[in-house]
Each structure stands twice: as structure tokens, then as C-alpha cells.
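Asks: The structure that follows is given in the form of C-alpha cells.
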Amino acid sequence: MSCNSQPSAECLADRMKRVLSTGEDADVQFLVGKDDTKELLSAHKLILKLASEVFAAMFSCEETEDENAAWEVINSSPIVVSDVEVVPFKIMLSYIYTDQSHGMNGDNAIAVLHAAKKYRVTGLVSHCISFPISQLSDVFFAFAQAKLLGEEQFANRCLNYIYHNAHILFEQSEAFLKIDQKFLCEIFGSDQLKVIGEISIWKAALRWADEKCRQNGTDCSGDNRRAVLGPALFKIHFPLIPKWNFSKQIVPSGVLTKDEMLAVLLYHSSHQIATECQAPSELKFATAKRSYICKRTLLVKIEQFSALPRAIDKDFEPIDGAVVDIKGIRWQLAYSFLSAQMDKKSGFFRLFLICNQNEKGADWKCHCWAITRTMAQQKTGKKCLVREQNDIFACNPDLPFTSFFLRRKQLMDPANGWYNAAEDTVTFATDFITYEADK
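Residue 1 is where the sequence shown starts when you use the UniProt record's numbering, and the numbers rise one by one after that.
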């Protein structure tokens, strides 16, 4: 039955939503929240009992104690709920009444999960743990809460997201600075971290340690940094940091002892690329390689843009110097045009990322993430156009990877400021992040 504005023709979900919002014939009240955020919410015991065994047990006890008074709201005290915030409680009620979680988002999904677990609203629990991890405002907090609530599968999804996005979270996330030392150890101890070299983990450790020093009211000295890092310091694979980088960034920090630095330098001097070398017995740090990623930014200027062929649908033109390497395999940036059915004079401009298929083994697989930006060449302050794509390449991919796709006429529109008419050029900046995909 379709819903319409007439009360007599409302669907069940609309009727339930109206009953909840108006509080009509409500027989129970909840005082939800703390301090100034408290709010009095009305509900119906029968509906709550049908959705939650916790509510069923709660109201059954009331009926047993006093059957006549159990359904009286007037002159009775509301049920105090101080450990759940108002918005998550409202979302839970909405789900109980309508099977819809209106208002749930990345900021409150974990709080809704807490409410759903407390009152055992199983359908809402399933809905919460299916929430997209990438949309959570604080994936670190989500992981900790999921572990606390016994949702191991959801916790693992959060942890895998942290591992695969460590190169961004370590540099940009403010939530990363709030995690405790134990969680920091767990993250740094994983060989699944997708980082741009071991130096990225060292920089993340310093960023985290400096924040803890500021919270403690102490200087960001080597000794204080070492103290707050504790065992997390020994999760960093210092021997894998290049010698020149180690000497310029690690040694002057004062975090490592002289013996620790000497052991790493001895490892550097004795380690041979062609042969495996046993680490010195004094070395306290792991030497196993992680899933390092390759990141490179290419600045590409395409000249004589207006004179380029307007329809080369099956071919692409490699761009000189626009190359990315991962595990010794050459990736080439190229461009092409796709003719438009309605506008043969314009069509679409495409940027491709292609790889040398002949160099790949039978089991080769790689993940690629590309962020391509047009560079404004006119009008100061003009925003660039951003295209973000990601894909997983397996052996012998059928098609090259499209990192940018835009109508040619739009690119050359003077109002956008992306096309330099005087030089007849268009400039792109592309960030390529590539790493070996899971088998």
C-alpha cells in the first residue's frame, strides 16, 4: 500500500512514526542524557517490549510489582538513562518503531551501537556494525568501542581500515593522537601497515609522543618522548630506515640510546642488498619489511591541447616522464580522447594509468589509488577540479586504469581557469599511491 498525506491511508511506518513523535497514548517516559543535554522522551511499553528483551524484562517486573500502576504515567517518575546520549536514544526508538535508523551518521554510529547493545535491539546492532568504516568520524574510537562491546568482526574491519589507510591517518588524523599507548603498540606492531617507508611510522610516533608530552605539560625532549612511547618505540623497524635518513632524523632526536643507534648503524654497514644478513645480537628492533606503498606526485603539462586529435577512441598517448614504479614494474601515465555522440567536436579527455603487463608474474596483484587535480592557470583563488579513483589491478587487466575523465569543452572553458589559452596548455597534478594487494 502506498503512503500519502491522508491519515486513513498512511502506511504502517508513517503511523508508527507519528505515534512516536506525538507521544499519543504513551505509557512510559525516559529522562535521557546528562546535565544540560537531558531530554524527556515518551514511548509505548508494548512496542518496546516487542523489540527488546531488556525492555520486556524491565516492564514485566513493573507489572509483577503492581499490575494496576504499571501502565500509569501520571505521577510516576521517568526512567533515568544517563549513559546514553539523547540523539542515539532517539535513533534507537526510531528504529524500534519504524525499522529505520534516521539520523545515524559517522559521528553517532558508535553511540547508537552502544544503545542497541545495551537494550539488545538486535536488528539495530546489525545495522550499526554494517556502517561504512570510511564514514566513521573516529575509526580509532570505533575500534576500541567495538572491542569493548564484543563486536570482534566490526573491530577487525576498523583495524583493517586503519592498516590500509595508515599513510593518511598518521599524518592527518587528530583522532590518532588520542589513542593510548597499548593501541599504538598494536598498530605499530602490524606488518600490514600501508606506509610510505618505515620513516612514516617514526614521524607518526613523534607526532603522537609530542601530543602526549603537551598533555603532560612536559618538554618534547628525547627522554620524554621515549618515556611516553614506551614499548611502542620497539615496534618501529629502525634498521629499515635508510642510513642517511636515520643519521639526519633519528640520531639528532635523542630518543634512542647510543647502544641502540650503534646497533642500527652496524646493521646498515653490514647488510648487503644481494644477500640476507643476520642482524647484530644487540639489535632490539625488527628487520622484517612491511607492506610499504609507493607514493609519487606527477605534475603533467599537456601542450598544444587544442590541436590534439579529437577522437582517438582506441589509442592512448604516453606522457613523457610521467612514470611510477612499484616493485620494479613500470607504470605509465597516458591520455586519450573519447568522441561524444552528441558533440563530435568536443568529446571527453581521459588520463590513464597503464602498466607493463609483460613484467608481471602470474600471481601479481596491485592496488592503485589516484587523485588527479587540474591546476588553475587563471584567476587567482580558482578552485581546482579533483577526481579520485581507486582500483585493484590483477595480472593482465582488460582495461587501463582511468584516473581522470572530463568533457574537453569544460576543460577549455575560460570561466574555469584550467586551460591556459596563451600557452595552449592544460596542467594536471596526480598523486599515485600504489601497494601490493592482498592475495
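Idealized CB from N, CA, C, for every residue including glycine.
Between F143, S291, D219, I433, which has its C-alpha nearest K182's C-alpha?
Replies: Against the sequence shown, residue 182 aligns to sequence position 182. For K182, the nearest C-alpha among the options comes from F143.
Asks: For a quick check, are the C-beta atoms of T98 and A13 less than 8 angstroms apart?
Replies: Residue mapping note: residue 98 aligns to position 98 of the sequence shown, counting from 1. Residue mapping note: residue 13 aligns to position 13 of the sequence shown, counting from 1. Contact flag set, yes.
Asks: For the stretch 185 to 195 against the stretch 156 to 163, are there 3 or more C-beta pairs whose distance is under 8 angstroms?
Replies: yes
Asks: Measuring only the C-alpha atoms, how far is L48 from I179?
Replies: In the sequence shown, counting from the first residue as 1, residue 48 sits at position 48. In the sequence shown, counting from the first residue as 1, residue 179 sits at position 179. Approximately 36 angstroms, taken between the alpha carbons.
Asks: What residues are listed by DSSP as bridge partners for N420?
Replies: Mapped onto the sequence shown, residue 420 falls at position 420. DSSP, once it has assigned bridges, lists T425 as partnering N420.
Asks: What is the rounded straight-line gap between the Cα of A422 and the Cα of L124?
Replies: Here residue 422 corresponds to residue number 422 of the sequence shown, with the count starting at 1. Here residue 124 corresponds to residue number 124 of the sequence shown, with the count starting at 1. If I take the Cα positions, the gap works out to 59 angstroms.
Asks: With a CB to CB cut of under 8 angstroms and the five nearest residues on each side skipped, what residues in its chain are close to A111?
Replies: What you label residue 111 is simply residue 111 of the sequence shown in a count that begins at 1. V84, E85, V87, P88.
Asks: Please report the straight-line C-alpha distance between R120 and V139, rounded to a whole angstrom.
Replies: Reading the sequence shown from its first residue, position 120 is the one you call residue 120. Reading the sequence shown from its first residue, position 139 is the one you call residue 139. Taking the straight line joining both Cα atoms gives about 23 angstroms.
Asks: Alpha carbon to alpha carbon, how far is F131 from V32? Give it in angstroms, no decimals.
Replies: Position 32 of the sequence shown, counting from 1, holds the residue named residue 32. Position 131 of the sequence shown, counting from 1, holds the residue named residue 131. Rounded to the nearest angstrom, the two C-alpha atoms are 24 angstroms apart.
Asks: Using only alpha-carbon positions, find the residue among D223, K284, A175, T427 that is nearest to I319.
Replies: Along the sequence shown, read from residue 1 onward, the residue named residue 319 stands at position 319. T427 is the residue among D223, K284, A175, T427 whose C-alpha sits nearest the C-alpha of I319.
Asks: Can you tell me the Cα-Cα spacing of L141 and I129, whole angstroms?
Replies: In the sequence shown, residue 141 corresponds to position 141, counting from 1. In the sequence shown, residue 129 corresponds to position 129, counting from 1. Looking at the sequence shown, residue 141 is not Leu but Phe. F141 and I129: Cα-Cα distance of roughly 14 angstroms.
Asks: Could you give the first and the last residue of the continuous alpha helix (DSSP H) run that contains L20?
Replies: The sequence position of residue 20 within the sequence shown is 20, counting from 1. Run containing L20: 12 to 22, per the alpha helix (DSSP H) assignment.
Asks: Would you tell me roughly how many angstroms separate the C-alpha atoms of S134 and S270, rounded to the nearest one?
Replies: Counting from one through the sequence shown, the residue named residue 134 turns up at place 134. Counting from one through the sequence shown, the residue named residue 270 turns up at place 270. If you take the alpha carbons of S134 and S270, they lie about 43 angstroms apart.
Asks: Checking 8 angstroms against the spacing of the C-beta atoms, do F285 and F234 come in under that value?
Replies: Indexing the sequence shown from 1 puts residue 285 at position 285. Indexing the sequence shown from 1 puts residue 234 at position 234. Cβ atoms of F285 and F234: closer than 8 angstroms.
Asks: May I ask you to report which of helix, strand or coil DSSP gives L31?
Replies: For the purposes of this step, residue 31 is identified with residue 31 of the sequence shown, where counting begins at 1. Here DSSP, grouped into helix, strand and coil, assigns L31 to strand.
Asks: So does the stretch 202 to 221 actually touch the stretch 238 to 255, counting three or more Cβ pairs closer than 8 angstroms?
Replies: yes
Asks: Please determine, among P414, Y335, G417, I293, the residue with the shortest C-alpha to C-alpha distance to H167.
Replies: Here the question's residue 167 lines up with position 167 in the sequence shown. Looking at the Cα atoms, I293 is the closest of the given residues.
Asks: Would you call the CB atoms of residue 444 and T372 closer than 8 angstroms?
Replies: The displayed coordinates of the chain run from 1 to 439. Any statement about residue 444 would go beyond what the structure contains.
Asks: Going by DSSP in three states, I79 sits in which element: helix, strand or coil?
Replies: Taking the first residue of the sequence shown as 1, we reach residue 79 at position 79. If DSSP states are grouped into helix, strand and coil, I79 belongs with the strands.
Asks: If we ignore side chains and look at the alpha-carbon of each, how far apart do Q172 and S77 end up?
Replies: Along the sequence shown, read from residue 1 onward, the residue named residue 172 stands at position 172. Along the sequence shown, read from residue 1 onward, the residue named residue 77 stands at position 77. For Q172 and S77, the distance between alpha carbons rounds to 47 angstroms.
Asks: Hey, does Y335 have any beta-carbon neighbour from chain D nearer than 8 angstroms?
Replies: No chain D is present in this structure, which holds just one protein chain.
Asks: Give the straight-line distance between the Cα atoms of L41 and L93, rounded to the nearest whole angstrom.
Replies: Looking up residue 41 in the sequence shown gives position 41. Looking up residue 93 in the sequence shown gives position 93. Each residue's Cα considered, the two are about 10 angstroms apart.
Asks: In the DSSP assignment, the alpha helix (DSSP H) including A116 goes from what residue to what residue?
Replies: Translated into the one-based positions of the sequence shown, residue 116 becomes position 116. Element bounds for A116: 109 to 118.
Asks: Taking L206 and R225 to be in contact with their CB atoms under 8 angstroms, please state how far apart those CB atoms are, rounded to whole angstroms.
Replies: Residue mapping note: residue 206 aligns to position 206 of the sequence shown, counting from 1. Residue mapping note: residue 225 aligns to position 225 of the sequence shown, counting from 1. Right, the Cβ-Cβ distance comes to about 7 angstroms (below 8 angstroms), so this counts as a contact.
Asks: Please name the residue in E53, L283, E317, T22 whose C-alpha comes closest to that of A43.
Replies: As a first step, residue 43 must be located in the sequence shown, where it is residue number 43. The candidate whose alpha carbon is nearest that of A43 is T22.
Asks: Got a sec? Which residues, its chain only, sit under 6 angstroms from Y335 by beta carbon, not counting five neighbours each side?
Replies: As a position in the sequence shown, residue 335 is number 335, starting the count at 1. The answer, listed in chain order, is E317, L351.
Asks: How far does the beta strand (DSSP E) with S42 in it extend, from its first residue to its last?
Replies: Here residue 42 is taken as the residue at index 42 of the sequence shown, counted from 1. S42 -> beta strand (DSSP E) spans 39 to 43.
Asks: What does a CB cutoff of less than 6 angstroms around K212 pick up in its chain, not counting 5 residues either side in sequence?
Replies: In the sequence shown, the residue the question calls residue 212 occupies position 212. If we look at K212 and ignore the five residues flanking it on each side, its Cβ neighbours are V228.
Asks: On the CB-based measure, 16 or more other CB atoms within 10 Å of its CB, does A232 come out buried or exposed?
Replies: Locating residue 232 in the sequence shown gives position 232, where the first residue counts as 1. It counts as buried.
Asks: Give me, in chain order, the residues of the same chain whose beta-carbon lies closer than 7 angstroms to that of T34; leave out the 5 immediate sequence neighbours on both sides.
Replies: As a first step, residue 34 is located in the sequence shown; it is residue number 34 there, counting from the start. Residue identity check: residue 34 is Lys in the sequence provided, not Thr. Closer than 7 angstroms at the Cβ level, and outside the excluded window around K34, lie S82.
Asks: Quick check on residue 457: does DSSP put it in helix, strand or coil?
Replies: Since the first residue shown for the chain is 1 and the last is 439, residue 457 is missing from the structure and cannot be characterised.
Asks: How big is the Cα-Cα spacing for H237 and D191?
Replies: Sequence index remark: in the sequence shown, residue 237 carries index 237 (1-based). Sequence index remark: in the sequence shown, residue 191 carries index 191 (1-based). Spanning the two alpha carbons is a distance of roughly 10 angstroms.
Asks: Mind checking whether the beta-carbon of A286 lies closer than 7 angstroms to any heavy atom of the ligand FMN?
Replies: This structure simply doesn't include the ligand FMN, nor any ligand for that matter.
Asks: Would you kindly work out how many angstroms separate the C-alpha atoms of N108 and E282, rounded to a whole number?
Replies: Numbered from its first residue, the sequence shown carries residue 108 at position 108. Numbered from its first residue, the sequence shown carries residue 282 at position 282. For N108 and E282, the distance between alpha carbons rounds to 48 angstroms.
Asks: Which of helix, strand or coil does DSSP assign to S336?
Replies: Start at 1 with the first residue of the sequence shown, and residue 336 comes out as number 336. It is a strand residue.
Asks: Quick one: what's L406 bridged to in DSSP?
Replies: Locating residue 406 in the sequence shown gives position 406, where the first residue counts as 1. Partner(s): F349.
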